[in-house]
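These notes are about the structure you will find just below.
What follows is the structure, encoded as structure tokens:
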């Protein structure tokens, strides 16, 4: 049982007290203001304090007194603005809508343990010039990861021709990625702010969060390298996977200009690639597309170590790659670049057109298509390996045998 003190508006105070009692806890103090609560805590021992983050109920003096007494303070909030005020005072917040179990968890779980939770991963989807299908691949892989129970966000960091929003039928008058980048500049980007500036897409397999790209190519100076890196770092605490759609160009010729501190047109792409845990390098499945990849691949390796790059060949078809296209593609990349593609995706124009026409993820409009199955298989390789049922049964039998031997001894 936990002994609580509460300071909140009367309606919220009544609700919290009722929930605490129904969950087997006791409310020892109810105060209308933080100053009153400070005075009463000098005479009553409590385990935790629940407060509303509003001015009368939470202030720096209450936080100081509770810290000195080893009493945990939790702010019960309704929105991102309230959570931000609590955070400014160094107080953890819990959404009232998440229920009382979330409050209990925040109180009993040590801070160090909460900080040890695994952080999210960043997956960048890059490809050379020539429309190899970067946006389609980013949306497809994000959707397949969501289908495996992962929390997934798509970030459109293409500073030349952002296209995630129109591909998903989203309005993008206020680009979410640029808004997040501005918050990085002011040092105020939080998980709650990411929720606020992002849009959501509900698919048949899960929810995708989307930070839409800039609406005009001329706005590229807003996507400076440090801001892009800051947004992606914050995304690691927001979702399990952040899938980033980046532009093709890796040129850094602007750096020879006289203004060495000026913004760089391709800084967003390079910063996203460097921040990514894994880069999917996409090539077109025809001679021109493969040659473009082979020519650009050395520049990509200059930015990202080769062990973090996985090459995927898209739009593979017999008409452009011979009668055995998969074999021809693999041999060409191996012979001229020493590259072994991780996957080859077939050209499935009908499925791709249906997804584009309906502005929906591929899984919603052509769930049984060859292209969708290929994306699904690729997404599975990105996830941590899970033991098969046979391996699990074998491990269980081995455990039972060891137990039997110990018992016989």
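In this note's numbering, the protein residues as written are 24 to 432. Each residue gets a CB set at the ideal place from its N, CA and C atoms; glycine is no exception.
Taking all protein chains shown into account, decide if residue i is buried (16 or more other Cβ within 10 angstroms of its Cβ) or exposed.
i	result
residue 230	exposed
residue 389	buried
residue 194	exposed
residue 159	buried
residue 137	Unreliable placement is indicated for residue 137, whose pLDDT of 48 sits below 50; the coordinate value is still reported in the next sentence. Per the 10 Å Cβ criterion, exposed.
residue 90	exposed
residue 151	buried
residue 12	The structure shown does not extend to residue 12, since the chain spans only 24 to 432, so no value can be given for it.
residue 411	Bear in mind that a pLDDT of 42 at residue 411, under 50, signals an unreliable position, so the model cannot answer this.
residue 235	buried
residue 324	exposed
residue 357	exposed
residue 330	exposed
residue 221	buried
residue 284	Unreliable positioning characterises residue 284 in this predicted model, as indicated by a pLDDT of 47, which lies under 50. A coordinate reading is not provided.
residue 155	buried
residue 87	exposed
residue 380	exposed
residue 167	buried
residue 348	buried
residue 113	exposed
residue 208	exposed
residue 121	exposed
residue 65	exposed
Take residue i and list the residues in its own chain whose beta-carbon comes closer than 7 Å to its own, dropping the five residues that flank it on each side.
i	result
residue 382	190, 191 and 192
residue 387	226 and 227
residue 281	With a pLDDT of only 43 at residue 281, under the threshold of 50, the placement of this residue in the model should not be trusted; the figure read from the coordinates follows. Correct list: empty, nothing qualifies.
residue 186	158
residue 399	167
From the DSSP output, which residues share a beta bridge with residue i?
i	result
residue 337	307
residue 369	339
residue 264	144 and 175
residue 29	53 and 73
residue 301	146
residue 332	302
Give every residue of the same chain whose Cβ lies closer than 6 Å to the Cβ of residue i, excluding the five residues on either side of it in the sequence, and list them in chain order.
i	result
residue 366	335 and 401
residue 332	302 and 304
residue 142	259
residue 272	289
residue 105	76
residue 148	157, 160, 161, 268 and 303
residue 355	313
residue 202	220
residue 135	In this predicted model, residue 135 has a pLDDT of only 48, less than 50, meaning its place in the structure is not dependable enough to derive any value.
Apart from the five residues just before and just after residue i, which ones in its own chain have a Cβ nearer than 8 Å to its Cβ?
i	result
residue 35	75, 99 and 119
residue 117	97, 98, 99, 100, 125, 126 and 129
residue 70	25, 26, 27, 94, 95 and 130
residue 397	366, 367, 368 and 369
residue 32	75, 77 and 80
Assuming residue i and residue j are in contact, meaning their beta carbons sit under 8 Å apart, how far apart are those beta carbons, in whole angstroms?
i	j	result
residue 30	residue 56	7 Å
residue 254	residue 204	6 Å
residue 296	residue 269	7 Å
residue 378	residue 384	7 Å
residue 212	residue 165	Actually they are not in contact, since the Cβ atoms of residue 212 and residue 165 sit about 21 Å apart, beyond 8 Å.
residue 264	residue 85	About 39 Å separates the two Cβ atoms, so there is no contact after all.
residue 54	residue 63	6 Å
residue 251	residue 291	5 Å
residue 392	residue 371	5 Å
residue 200	residue 175	The pair is not a contact, with the Cβ atoms about 16 Å apart (cut-off 8 Å).
residue 103	residue 196	Incorrect: roughly 20 Å between the Cβ atoms, too far for contact.
residue 360	residue 317	5 Å
residue 60	residue 39	So it is not a contact: roughly 14 Å between Cβ atoms.
residue 320	residue 362	7 Å
residue 337	residue 307	6 Å
residue 232	residue 238	About 19 Å; that fails the 8 Å criterion.
residue 240	residue 183	6 Å
Is the shortest distance between the beta-carbon of residue i and the beta-carbons of chain D less than 7 Å?
i	result
residue 202	The structure shown has no chain D; it contains just one protein chain.
Query raised in the report: In chain order, which beta strand (DSSP E) runs of at least 3 residues are fully inside the segment 78-163?
Result: 95-100, 115-118 and 144-149
Query raised in the report: Which full runs of the beta strand (DSSP E) of 3+ residues lie inside the segment 186-262, going along the chain?
Result: 222-226 and 229-234
Report task. Give, in chain order, every unbroken run of the beta strand (DSSP E) that is at least 3 residues long and sits entirely within the segment 343-405. Result -> 366-369
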